[in-house]
Amino acid sequence: MSESKRMGRRTTAVGILLPLLGVLGVLFWAWPAAASDQVQQSFVLQPGWNSVYLEVEPEPNDTESVFEGLPVASVWTWNPSFSTVEFIQDPAEGLVNRDGWLGFFPRPRPEAFLTNLFIVQPNRAYLIKLEGDEPVTWTVSGRPSLRSQRWVTDSFNLVGLPVDPAAPPTFGDYFASSEAHSPAQVYRLDGTGVWQLVANPDFEPVQSGEAYWIYTEGASIYQGPLEVDLEQSDGLQYGATLVSQRVRFNNATDTDFTVTLRQLSSATPVEMAVNRFDPDTGEESWPALPSALAVPVPAGGESFVDLAVRRQDFSTEEVASVLEVTDGRGVRRRLAVNAAATVPTAAGAALRAAKAAGGEDNPRAVRAIYDRMTSSTPFAGLWVGSASVNGVSEAQTGGAVPKSTGRDFSFRLLVHVDGFGQARLLKEVIQLWQDGTMAPDPDDPTALTVDTPGNYVLLTDDSLIPNFQGASLRDGVPVGYRLSTVGYDFPGQSVDLDGSFAIGGTLSCTLTLGSDFPTNPFKHGFHPDHDNLDAQFLAPREEAYAVTRSMVFEFAASDPDVRGGVEPDLGDSFMAGTFRETLSGLHRNDIFVSGTFRLRRVAATPVLNQ
562 MSESKRMGRR
572 TTAVGILLPL
582 LGVLGVLFWA
592 WPAAASDQVQ
602 QSFVLQPGWN
612 SVYLEVEPEP
622 NDTESVFEGL
632 PVASVWTWNP
642 SFSTVEFIQD
652 PAEGLVNRDG
662 WLGFFPRPRP
672 EAFLTNLFIV
682 QPNRAYLIKL
692 EGDEPVTWTV
702 SGRPSLRSQR
712 WVTDSFNLVG
722 LPVDPAAPPT
732 FGDYFASSEA
742 HSPAQVYRLD
752 GTGVWQLVAN
762 PDFEPVQSGE
772 AYWIYTEGAS
782 IYQGPLEVDL
792 EQSDGLQYGA
802 TLVSQRVRFN
812 NATDTDFTVT
822 LRQLSSATPV
832 EMAVNRFDPD
842 TGEESWPALP
852 SALAVPVPAG
862 GESFVDLAVR
872 RQDFSTEEVA
882 SVLEVTDGRG
892 VRRRLAVNAA
902 ATVPTAAGAA
912 LRAAKAAGGE
922 DNPRAVRAIY
932 DRMTSSTPFA
942 GLWVGSASVN
952 GVSEAQTGGA
962 VPKSTGRDFS
972 FRLLVHVDGF
982 GQARLLKEVI
992 QLWQDGTMAP
1002 DPDDPTALTV
1012 DTPGNYVLLT
1022 DDSLIPNFQG
1032 ASLRDGVPVG
1042 YRLSTVGYDF
1052 PGQSVDLDGS
1062 FAIGGTLSCT
1072 LTLGSDFPTN
1082 PFKHGFHPDH
1092 DNLDAQFLAP
1102 REEAYAVTRS
1112 MVFEFAASDP
1122 DVRGGVEPDL
1132 GDSFMAGTFR
1142 ETLSGLHRND
1152 IFVSGTFRLR
1162 RVAATPVLNQ
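Pasting the structure below:
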């Protein structure tokens, strides 16, 4: 179809429209709601019909709650999954049973039974019919959502645009890089409630929070001059384990611009860091996210930013805030950010361990032990990592200073920290699952509610395995998850580490392999000189030498294995430092070893063998 025919069809279709909606007044975007990842959006609704663009997800988001207290007659939204629009429909003729329309009628209106719009979603346009003779201010608090705009091919689309209310772009500027929307064909409400064609889109600014009918010719995935993409979800959700996420900024224009990131104020701000890499030196660092981070984005290109959370700096167990993203050209996006501290959560396991410690008949003692086990240390849990050896002394000369090795070699480390802060070196551990228990609901005795929640358990005693279930599936069968190391051995299941598991702290232990210990390197069951038996292979005789290993772990404030030294989760779910060891018995002279170590928390269970 020629451009003139296409324009004629669209102009004619809309030119014969009857008066439809009343004018919408958008007052402002307010400050973020306190202590959360929410913001407020406010509208001035005029009597009659209003067209709004909601950029937040209310909580709760059911229509009854969202519009409670407002004198609304009905609320409508257009679902592009069901229909295309070649002309704008007149609600005076009724939208009920029209393809693509979902409506809400508040009770006790007689048509309430016709409601098929049950939830309010973010980044969506709504038509609101307001009763009465006075304007009403409608304020919505909710979480911003980074959801993509879906454009219906060869159709009008009822949409709003994510613009900066302080400096919005014109329609022409916003759609300049989109062939499907250029020249822009936009209809907006005037003061008499009639949809009017925007005559000069190159000069008409987009209003934040207002919805328009915008025509799309052909297929389009256009998301504006600035497109923001996340690796997962519609916000930056770190949970209790995720450390960093990448944010991509795409410049759809033919000119360079700079994106600015700002973290809005919150009573529980998320302490964040940004990745910096120097290609000349190979140095990587994670400095704190500044109050305003500038990210250049080339014309027609993209830029990436890696953002991490610094849980060691969290002030509360759960934190949340909002990141504002602007491009200096009128586009604004908001990202909800939330994270949880890595803390022991196995309350049921701690309680059972407290009872086993002798407090069964003393509730106060049980409570005291329980409190200590769940809150006395931020490092409780299982830590897995490795020691990397890069220096060994020359035993034959009696040297005490480690000399550099030709290549580093490493061995696995398993360390558990309990709720009291006591660290233990393990040689093997199995993770299994403990089912929770149910009890009658006090409000409804016919129903059951969770009494004790299920939790993961850590075992070093194999005899306890039958008491629990598998923690993962293998070929459809629940099995335990086993971790072990061949880097060291000792009698028993664990060895206490002396000292403090913390940044700046030191842990140490001595492992002794007696002359008759199965993994003593000198013992050999079939060699007559190393079998710890006399010449007749009858009486015991010590022939193997006892071997001792004295290990020292010094925790550092930076990672010695990384140029720049700083990991974003160092001091929370990641620890590193220097490693020293003295071996006695392998040679007539002691052997001195040096290197580094790295540990990462893989489970927050504060109890062993519960």
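FYI, our numbering numbers position 77 of the sequence shown as 638, with every residue one higher than the one before it. We treat Cβ as the ideally placed atom computed from N, Cα and C, and that holds for glycine.
Mind reading off the beta-carbon distance from residue i to residue j? Whole number of angstroms is fine, and I expect it under 8 Å.
i       : j       : result
Ser716  : Gln601  : Rounded, the Cβ-Cβ distance is 32 Å, inconsistent with contact.
Thr1007 : Ala1000 : Incorrect: roughly 13 Å between the Cβ atoms, too far for contact.
Leu791  : Val808  : 6 Å
Gly980  : Thr938  : 7 Å
Arg894  : Pro723  : 6 Å
Val870  : Ser864  : Rounded, the Cβ-Cβ distance is 21 Å, inconsistent with contact.
Gly533  : Pro1129 : As shown, the chain starts at 562 and ends at 1171. That puts residue 533 outside it, with no answer to give.
Ile775  : Asn718  : 5 Å
Phe818  : Asp888  : 5 Å
Ser965  : Gly952  : 6 Å
Gly967  : Gln995  : Not a contact, Cβ separation roughly 47 Å.
Thr829  : Ala881  : 6 Å
Gly664  : Val636  : 7 Å
Thr1139 : Ala1117 : 7 Å
Provide the residue span of the alpha helix (DSSP H) that contains residue i, from first to last.
i       : result
Val892  : Note, Val892: premise wrong, no alpha helix (DSSP H); not H, not E.
Phe732  : Phe732 to Tyr735
Val613  : Where Val613 is concerned, there is no enclosing alpha helix (DSSP H), although the beta strand (DSSP E) it sits in stretches over Gly609 to Leu615.
Val1127 : Careful: Val1127 lies outside any alpha helix (DSSP H) and carries neither H nor E.
Val627  : Thr624 to Val627
Residue j and residue i - do their beta-carbons sit closer together than 8 Å?
i       : j       : result
Pro744  : Pro762  : yes
Pro632  : Glu692  : yes
Thr903  : Leu974  : no
Ala1137 : Thr1109 : no
Pro696  : Gln768  : no
Thr1067 : Val1113 : yes
Phe764  : Thr731  : yes
Trp699  : Ser597  : no
Thr816  : Ala860  : yes
Leu1160 : Ser1055 : no
Leu1020 : Asn1170 : yes
Gly1041 : Leu993  : yes
Val1127 : Trp847  : yes
Phe1062 : Phe940  : yes
Ser954  : Pro963  : yes
Leu797  : Val898  : yes
Ala1107 : Gly1075 : yes
Ala780  : Lys690  : no
Could you please give the first and the last residue of the uninterrupted beta strand (DSSP E) stretch that includes residue i?
i       : result
Asp1057 : Ser1055 to Gly1060
Ser1145 : Phe1135 to Ser1145
Leu1044 : Tyr1042 to Ser1045
Tyr687  : Arg685 to Leu691
Ile1152 : Ile1152 to Ala1164
Asp839  : Arg837 to Asp839
Thr698  : Val697 to Pro705
His977  : Lys964 to Val978
Gly952  : Gly942 to Val953
Val720  : Ser716 to Val720
Ser1069 : Thr1067 to Leu1074
Arg985  : Ala984 to Leu987
Among the options, which one has its Cα closest to the Cα of residue i?
i       : options                             : result
Ser706  : Asn684, Lys964 and Arg1110          : Asn684
Asp1133 : Pro1121, Ala1107 and Ala1165        : Ala1165
Gly960  : Leu1058, Asp751, Asp1151 and Ser738 : Asp1151
Val990  : Tyr1017, Lys964, Asp1002 and Pro830 : Tyr1017
Thr998  : Arg985, Thr1013, Lys988 and Asp1005 : Thr1013
Arg708  : Gly942, Ile1026, Glu618 and Arg1043 : Glu618
Pro851  : Gly843, Leu943, Asp598 and Met833   : Met833
Tyr614  : Arg668, Thr714, Arg749 and Asp996   : Arg749
Phe810  : Val886, Phe838 and Ala741           : Val886
Phe1051 : Pro1082, Ser1024 and Ala948         : Pro1082
Trp712  : Trp847, Thr645, Gly796 and Phe875   : Thr645
Ala900  : Ala948, Ala737, Ser738 and Gln806   : Gln806
Trp756  : Ala849, Ala772, Thr829 and Asp725   : Ala772
Ala727  : Gly770, Lys690, Ala741 and Phe1062  : Gly770
Pro1079 : Gly1065, Asp1057 and Tyr1049        : Tyr1049
Leu868  : Thr877, Asp1057 and Leu884          : Leu884
Asn622  : Glu1142, Val976 and Arg704          : Arg704
Ile1064 : Thr714, Gln983 and Leu1131          : Leu1131
Measuring only between beta-carbons, confirm whether residue i sits less than 8 Å from chain C.
i      : result
Leu987 : No chain C appears in the structure shown, which is made up of a single protein chain.
Let me know the beta strand (DSSP E) ranges lying completely inside the segment 850-889, each 3 residues or longer, listed in chain order.
-> 854-858, 863-870 and 879-887
Taking only runs of the beta strand (DSSP E) that begin and end inside the segment 735-807, which ones reach a length of at least 3 residues, in chain order?
-> 747-750, 756-758, 773-777, 787-791 and 797-800
Can you check the segment 991-1030 for any beta strand (DSSP E) of at least 3 residues that lies completely inside it and give the ranges in chain order?
-> Fully contained in the segment 991-1030 are the following beta strand (DSSP E) runs of length 3 or more, in chain order: 998-1002, 1005-1013 and 1016-1020.
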